[in-house]
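First the structure, in the form of structure tokens, and then the observations on it.
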Amino acid sequence: QQQVKQSPQSLIVQKGGIPIINCAYENTAFDYFPWYQQFPGKGPALLIAIRPDVSEKKEGRFTISFNKSAKQFSLHIMDSQPGDSATYFCAARRAGNQFYFGTGTSLTVIP
Amino acid sequence: NAGVMQNPRHLVRRRGQEARLRCSPMKGHSHVYWYRQLPEEGLKFMVYLQKENIIDESGMPKERFSAEFPKEGPSILRIQQVVRGDSAAYFCASSRRTGGDTEAFFGQGTRLTVV
Chain X
23 QQQVKQSPQS
33 LIVQKGGIPI
43 INCAYENTAF
53 DYFPWYQQFP
63 GKGPALLIAI
73 RPDVSEKKEG
83 RFTISFNKSA
93 KQFSLHIMDS
103 QPGDSATYFC
113 AARRAGNQFY
123 FGTGTSLTVI
133 P
Chain Y
6 NAGVMQNPRH
16 LVRRRGQEAR
26 LRCSPMKGHS
36 HVYWYRQLPE
46 EGLKFMVYLQ
56 KENIIDESGM
66 PKERFSAEFP
76 KEGPSILRIQ
86 QVVRGDSAAY
96 FCASSRRTGG
106 DTEAFFGQGT
116 RLTVV
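Residue numbers (the numbering used here), protein chains in the order written: chain X, 23 to 133; chain Y, 6 to 120.
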């Protein structure tokens, strides 16, 4: 059973566009929601994270929107660049437990 | 402050051999997680360990796979009698604790190829 559902599987945008990646979860005990960025041949790198008591968090060009009632959260990348082309994973966890990951979104930003 | 260190980066084993993957967590981190990633797939949880204890091994196959995180030294993921289907990238992550804003940081992974 997939604890965190992520969509779309792949995404292609033009440079400057705003790709949006969505995730949904069921377990209301989750209390921490990070996003990871992974380049080919590399390990996932923590990008940005949010807790459920906050509806939005921005770090540079990356924004997480969080809808607690809908049990959904999303990543927005402002002014996307070709260097943002990577695979993005959302995750969720509750204290004392493992991280549950989405299946990943392969993003391609076309110059 | 070195990050999570995994070694070897690449490992080739013949079917039936043993594979040992090592993970040294970040300094001050006492929690380690192992994940497996197949090509074009996401990260599949295998096992979660704290120093000298296995917290959750629900994602680890019951046979041939084992993991440890001793009081001293790195965490080890051990795969006995490897088969072709074990070929994958194995990632280790570590965190300082389990509550609050507990960030987990990943290593670069060990790419296991079974021939």
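We put the CB at the ideal spot given by N, CA and C, even for glycine. All values derive from a computational prediction rather than experimental measurement.
Exposed or buried, which one is residue i when buried takes at least 16 other CB atoms within 10 Å?
i	result
Y/T115	buried
Y/R41	buried
X/F61	exposed
X/M100	exposed
Y/A7	exposed
Y/S80	buried
X/Q24	exposed
Report the neighbours of residue i on chain Y: residues whose CB is nearer than 8 Å to its CB, in chain order.
i	result
X/T125	E46, G47
At 7 Å on the CB atoms, spell out the chain Y contacts of residue i, in chain order.
i	result
X/F52	Residues of chain Y passing the Cβ test: none, with the nearest at roughly 13 Å.
X/F111	G47, L48
By how many angstroms is the C-alpha of residue j removed from the C-alpha of residue i?
i	j	result
Y/V52	X/G39	38 Å
X/F123	Y/W39	12 Å
Y/R19	Y/V119	5 Å
Y/S71	Y/A24	11 Å
X/D106	X/P133	11 Å
X/V21	X/N89	Since the first and last residues shown for chain X are 23 and 133, residue 21 of chain X lies out of range.
X/G65	X/P30	21 Å
X/F84	X/S91	22 Å
X/K79	Y/R102	23 Å
Y/R83	Y/Q22	11 Å
Inspect the beta-carbon positions of residue i and residue j and report whether they are closer than 8 Å.
i	j	result
X/Y47	X/A117	no
Y/F110	Y/A94	no
X/N49	X/Q94	no
Y/H15	Y/S100	no
Y/G157	X/T125	The displayed coordinates of chain Y run from 6 to 120. Any statement about residue 157 of chain Y would go beyond what the structure contains.
X/I72	X/F55	yes
Y/Q55	Y/R69	no
Y/Q11	Y/G112	yes
X/I70	X/W57	yes
Interface residues of chain X around residue i at Cβ under 7 Å?
i	result
Y/Y38	Q120, F121
Y/G114	G65
Identify the contact partners of residue i in chain Y, using a Cβ-Cβ distance below 9 Å as the criterion.
i	result
X/P104	None at all; the shortest Cβ gap to chain Y is about 21 Å.
X/L68	E108, A109, F110, F111
So residue i contacts chain X; which residues on that side make the cut at Cβ distance below 9 Å?
i	result
Y/T118	The contacting residues do not exist; Y/T118 stays about 14 Å from chain X at best.
Using a Cβ cut-off of 8 Å, pull out every chain X residue sitting near residue i, in sequence order please.
i	result
Y/Y95	Within 8 Å Cβ-Cβ: nothing; Y/Y95 doesn't reach chain X, min ~10 Å.
Y/D61	N119, Q120
Within 8 Å of any Cβ in chain B, is that where the Cβ of residue i sits?
i	result
X/K64	Here chain B cannot be found, since the structure's protein chains are X and Y.
Just list the residues that DSSP pairs residue i with in beta bridges.
i	result
X/D75	Answer by DSSP bridge pairing: none, since X/D75 is not bridged.
X/I86	X/K79, X/L97
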